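Below is one structure, written out as structure tokens; comments come after it.
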Amino acid sequence: MINIIPLMCTGCQQPIWDPYLLCIDQNIWHEQCVTCSICHCLLHNKCLVRNQKLYCRSDYIK
Numbered sequence: 012m013i014n015i016i017p018l019m020c021t022g023c024q025q026p027i028w029d030p031y032l033l034c035i036d037q038n039i040w041h042e043q044c045v046t047c048s049i050c051h052c053l054l055h056n057k058c059l060v061r062n063q064k065l066y067c068r069s070d071y072i073k
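For the record, in the sequence shown the residue sitting at position 49 is 60 according to the numbering used here, with numbers rising by one throughout.
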């Protein structure tokens, strides 16, 4: 029997069992956990990172 140890999501700290995951700035995320740290909108296409936090474009430039 093979034990599979899942990767842990940086956003929610829960195991990732999904078939897809995102790697952003060397961190692993559930797709639904990739949200702006200010307005909490989902970041579908693009995100910006500062101090290990994710931002949408409008909150990043504030």
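No residue lacks a Cβ here, since even glycine has one placed at the ideal position from N, Cα and C.
Just so you know, these numbers come straight off a predicted model, no measurement behind them.
Asked	Found
Report the CB separation of C44 from C20 in whole angstroms; it is logged as a contact under 8 Å.	5 Å
Apply the 10 Å Cβ neighbour rule to I27 and answer buried if 16 or more other Cβ atoms are within range, or exposed otherwise.	buried
Might you give, ordered along the chain, the residues of its own chain that have their beta carbon closer than 7 Å to the beta carbon of D89, omitting 5 neighbours on each side?	One cannot answer for residue 89 here, as it falls past the ends of the chain, which runs 12 to 73.
Where L18 and I72 are concerned, what is the direct C-alpha to C-alpha distance, given to the nearest angstrom?	31 Å
With DSSP run on the structure shown, which of helix, strand or coil describes C34?	strand
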